[in-house]
Each structure stands twice: as structure tokens, then as C-alpha cells.
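If you number the sequence shown the way our numbering does, the last residue is 197 and the count never jumps. Taking it in order: structure first as C-alpha cells, then the write-up.
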Amino acid sequence: MKKYFVSILIFVSAFLILPAQEDIRVDRIDFNSLRDDWIQMEIELSCEGNSAEEARDKDYVEKIKVKAYLGYTRDASARSFDYYTSEIEILIMEKGDDNNVYFYLPGLIVERDQLKTDPDFYYVEVSVNGDAQKPQKAAMSSNIPNLDILNSFISKAESEGMDNEHVLMPYYLVSGIDLGRVSQLPAVLRRDVRN
Numbered sequence: 003m004k005k006y007f008v009s010i011l012i013f014v015s016a017f018l019i020l021p022a023q024e025d026i027r028v029d030r031i032d033f034n035s036l037r038d039d040w041i042q043m044e045i046e047l048s049c050e051g052n053s054a055e056e057a058r059d060k061d062y063v064e065k066i067k068v069k070a071y072l073g074y075t076r077d078a079s080a081r082s083f084d085y086y087t088s089e090i091e092i093l094i095m096e097k098g099d100d101n102n103v104y105f106y107l108p109g110l111i112v113e114r115d116q117l118k119t120d121p122d123f124y125y126v127e128v129s130v131n132g133d134a135q136k137p138q139k140a141a142m143s144s145n146i147p148n149l150d151i152l153n154s155f156i157s158k159a160e161s162e163g164m165d166n167e168h169v170l171m172p173y174y175l176v177s178g179i180d181l182g183r184v185s186q187l188p189a190v191l192r193r194d195v196r197n
């Protein structure tokens, strides 16, 4: 009986530590330096299908928000950072789709603040129908080793990033520059900045 109980306990424990299947998976994040010091953030996504009970069709995921959080060290001794956030809403993805979304930091901001191409901290939050998915390892920088640090980073980016609101731009708001390599764009709900 004891052996049977231990076997069940091991099985249940193994099941609990398996990662939850997310509808939209962040496969990779890449930062690229472009002409005139612009920085491009490329986020590769894949669609695993719709897990919602009330889904209209299990092969389609709708209302996907992809929010980028960036943190660059401003003063290491004072532990102060410049934060940038931006969001894109994808209308729909089909199971098996691989799509990319892009965000850009203007070259003059990069030059003024002497920003490196790769931020010190970054995180990409994905939500479907208003519900945030669980954080994915591929969606965050290696400088974010646990959920406590991630939550602290998000909180600071939200509260201290107001000075840089709308500086990190989705690709559809950028004009007059070479956007670099851009491919596999999804259908997005365009949201222009309003004053």
C-alpha cells in the first residue's frame, strides 16, 4: 500500500510541475540596432489553439494583447532605471500560426540616453480576452529569475514609466525610417495615441 501511495504521489507531483499550456506562446525576443540608432524589439509568437471552454472555435484565438516592458539602467549606483512600455492587440491567430510583432525606440532617445541595444530588463506579457497568461521563460530577460522580481519590475515600469509614455512605439506608428527586417505580421487592431 505504501509503494502504491508513493507512486501516486510522484505522478501527481510530476503533473503539477508541468508547464501549463498557453494559447499563445512567446518563442523568442530579439533586439536589433537599426540605422540612425533606432532599436527594434522583435517578438516571435506561436498559436497553440484556444483552450477556453466557451471558444467559438478551438483553432482560433482572438483579442490577444502583447505588452512589452523595457528597463534600462540610468544610474547604476542609485539603482535608477528608465522604463518603456507599449502594447499591441492582435485581432486573431489560428492554431499553428507563427507571427511577429515589433516595437521601436527612436534613435534620438537612444542617443540622448546612451541606451544599449539590449535592455537590462525586459518582459512581454500576453493576455487573451483580458486574462493575462502565466509568465513564460522565453518572454523575460535572464535578469528576472523569479516571480517576485518580475512583479516588482512590472510595478515599477507601470508607475515610473509615465515620463516615457508612448516613446516605445508599435511598428504601425513608426514612419520615415527603415523598419529593418519585418515579417509574418498578424492582423492587429490599430490604436493611435490620442491626446
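Backbone N, C-alpha and C define an ideal beta-carbon position, used for all residues, glycine too.
Within the model, the alpha-carbon separation for residue 77 versus residue 59 is close to 50 Å. Closest in alpha carbon position to residue 184, among 32, 145, 121, is 32. Contact annotation: residue 72 and residue 121 have beta-carbon atoms nearer than 7 Å. With a contact defined as Cβ atoms closer than 8 Å, residue 124 and residue 41 miss out at about 11 Å. By the Cβ neighbour-count rule, residue 178 is exposed, with fewer than 16 other Cβ atoms within 10 Å of its own. Beta-bridge partners assigned by DSSP to residue 73: 85, 123. Between the segment 43 to 63 and the segment 144 to 156 there are fewer than three inter-stretch CB-CB distances shorter than 8 Å, so the stretches are not counted as touching. Closest option to residue 54, judged by alpha-carbon separation, among 160, 167, 34, 133: 133. Looking at the backbone, the Cα of residue 147 and that of residue 127 are separated by about 16 Å.
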